[in-house]
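If you're matching positions, the sequence shown starts at 1 in full-length UniProt numbering and goes up one per residue. All C-beta atoms, glycine included, are put in the ideal place defined by N, C-alpha and C.
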Amino acid sequence: MFLSELYRYPVKSCQAQSLRASPVGLLGLQGDRRWMVVEAENGRFLTQRAWPRLGQIAAHDDGCGQLLLQAPGRASLRVAVPPADEGLRGVTIWRDTLRVPDAGDGAAAWLSEWLGKAVRLVYCPEQRARYLPNGYGFNSDRAAFPDGFPLLLIGQGSLDELDRRVGRPMEMLRFRPNLVVQGAEPFAEDGWKRIRIGTLEFRVLKPSVRCIFTTIDPATGERSEDREPMATLRTFREKEGDILFGQNLAVDGSGWLEVGMGVEILE
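As structure tokens, this is what we get:
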């Protein structure tokens with residue numbers, strides 16, 4: 001088994017960046033979901049579930065303290081990482097509330113015009129990151145702006161089996177993984193507790209609960225009329241009312257990941 005794909009999503013619910021290699025640490029892949037779009041009025045987070053135009057925004061973390069935003073027909077915008085303790089704004093993501101720095105009026109105007117709604121862009125410094133959901137991981141584990149956990153892994157074999165059942169290919173990016181592992185049987189990851197990739201060890205915390213987001217074509221932003229792949233997943237991946245696909249992880253320590261690295265099951 002080996003790591004076949006690496007993805008990060010600099011802005012929550014915006015387009016993915018495919019990577020050949022990446023540093024990884026407490027908050028997952030470097031630069032992953034450190035930015036988020038929120039309602040200007042109340043700080044509540046926005047996603048493609050209700051705002052599919054977010055999926056047309058390409059966001060690139062240049063690794064030098066700036067974020068590049070691009071959208072069709074719009075001039076691109078560079079946004080500097082704001083100071084960790086200045087311009088703090090209260091935001092809500094699911095049941096979590098936290099105070100994080102606002103990225104400024106320029107980013108807010110650019111995004112508000114694109115979405116047709118008054119929004120702000122916020123950033124999550126490591127020292128302001130959230131705890132994981134109760135009952136999962138260690139007290140030291142944290143996450144920035146993913147739905148709940150710092151890393152998501154999906155086996156390529158699992159997607160291949162889903163494709164077979166749906167009757168057509170489903171893009172991996174519908175499920176927004178960080179790590180894709182090739183060479184395992186379909187849904188083998190359901191039984192993993194600890195794995196090693198390169199020199200890093202990862203804890204498998206819980207299955208990923210899927211939603212209508214997966215019915216959005218990542219290339220076009222359009223929802224599938226037949227509600228796939230959710231319709232098929234519901235026939236064989238539903239447990240106690242939740243539809244499960246992929247596994248959420250936390251990493252022990254920090255290091256480096258690169259496509260092609262071997263994957264070893266420790267437990």
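| Item | Value |
| --- | --- |
| Straight-line gap, leucine 244 to arginine 20 (C-alpha atoms, nearest Å) | 27 Å |
| DSSP-derived helix/strand/coil call for glutamate 222 | coil |
| Alpha-carbon spacing of arginine 203 relative to aspartate 62, whole angstroms | 29 Å |
| DSSP state of glycine 167 mapped onto helix, strand, coil | coil |
| Whole-number beta carbon distance between proline 207 and aspartate 190, since they are thought to touch under 8 Å | 7 Å |
| Glutamate 267 vs arginine 194 beta-carbon contact at 7 Å | yes |
| Assigned exposure category for serine 254 - 16 Cβ within 10 Å defines buried | exposed |
| Euclidean distance between Cα positions of leucine 26 and alanine 143 | 8 Å |
| Other residues of its chain near glutamine 15: CB distance less than 6 Å, five sequence neighbours each side excluded | Ala58 |
| Distance, leucine 205 Cα to tyrosine 136 Cα | 6 Å |
| Cβ-based burial, phenylalanine 187 [other Cβ within 10 Å; buried from 16] | buried |
| Alpha-carbon spacing of alanine 108 relative to leucine 233, whole angstroms | 37 Å |
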